[in-house]
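Contents: one structure, followed by commentary.
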Amino acid sequence: MEEKKLGLRNVISVSVGLVIATSCLVSLGQGAGTIGVVFIFAMVIACLLNMTTIASLSELNALMPNTTGGLAQYTLASMGPFPTMISMVGGYLLCNVLSSGVEASIFAYAMEQTFHLPIPRLAYTIIMSVILMIANLKGVDMFAKIQDWVAYLLVGSMALMGLIGALGLGTGTEVNQLYVMASDFSSIISMTAVAF
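Pasting the structure below:
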């Protein structure tokens, strides 16, 4: 029997890190800031759409139990090898390649605006790429340790910012905003894409 590489704590840290570190929280904050508390209805609609996706994937899994799951297996069974290759390259590879550049530039911009050091943005991107490459070459154990620390720091910083905001300890200007800025159905439906 193989020795397990990731424990429950590591898997939870990875999932928390994926939710917090990706644009999920940013887009949810933007949606709530755009139309107010009624953004919850857009989130409920997005949740229902995700649940129908889960139901269709589970039905596909019941119809084809011998496949390992995933979009590639279902596309291969229904359309053949060539459309599967096209959908995988177009759906995963291109999206990951294009989004990586955007994420690297956002990281470099945030570092430049936070620390105000005379370091060019490209240097921040290269430094982070080298750190990630070394961590990946060290194996899953090193990645799990880094991900644990990152998840703890992210959750801790969010809790600290929440306490600062709740106790009114911040030094910024308080923004007074209406709880509901748009209550019509078309505004809620248009924000469903942001709620994904």
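UniProt numbering puts the first residue of the sequence shown at 1, with every later residue one more than the last.
All residues carry an ideal CB built from backbone N, CA and C; glycine is no exception.
Tell me whether the beta-carbon of residue i lies closer than 8 Å to the beta-carbon of residue j.
i: Phe185; j: Ala46; result: no
i: Met128; j: Phe107; result: yes
i: Ala151; j: Phe143; result: no
i: Ser183; j: Val38; result: yes
i: Leu76; j: Thr84; result: yes
i: Val194; j: Ser27; result: yes
i: Leu178; j: Gly36; result: yes
i: Gly91; j: Leu71; result: yes
i: Leu93; j: Tyr74; result: no
What residue from the options has the CA that sits closest to residue i's CA?
i: Val180; options: Asn10, Gly33, Met191 and Gly29; result: Gly33
i: Tyr124; options: Gly31, Val140 and Glu103; result: Glu103
i: Thr192; options: Val44, Val19 and Phe115; result: Val44
i: Ser190; options: Leu163, Gly162 and Phe41; result: Phe41
i: Leu8; options: Met161, Lys145, Leu163 and Pro65; result: Lys145
Here's a check: name, in chain order, each residue in its chain whose Cβ is nearer than 6 Å to the Cβ of residue i, leaving out the five neighbours to either side.
i: Ser78; result: none
i: Ala62; result: none
i: Ser187; result: Ile35
Since I believe residue j is in contact with residue i (beta carbons under 8 Å), could you give me their beta-carbon distance rounded to a whole number of angstroms?
i: Asp148; j: Ser13; result: 5 Å
Using a Cβ-Cβ cut-off of 7 Å (strictly less than) and excluding sequence neighbours within five positions of residue i, which residues of its own chain qualify?
i: Val16; result: Ala151 and Val155
i: Gly31; result: Phe39, Ala42, Met191, Val194 and Ala195
Output needed for residue i: all residues of its chain with C-beta closer than 8 Å, excluding positions within five of it in sequence on either side, in chain order.
i: Leu122; result: Ala108
Going along the chain, which unbroken runs of the alpha helix (DSSP H) with 4 or more residues stay wholly within the segment 49 to 134?
Counting only runs of 4 or more residues that sit fully inside the segment 49 to 134, the alpha helix (DSSP H) segments are 71 to 79, 81 to 88 and 94 to 115, in chain order.
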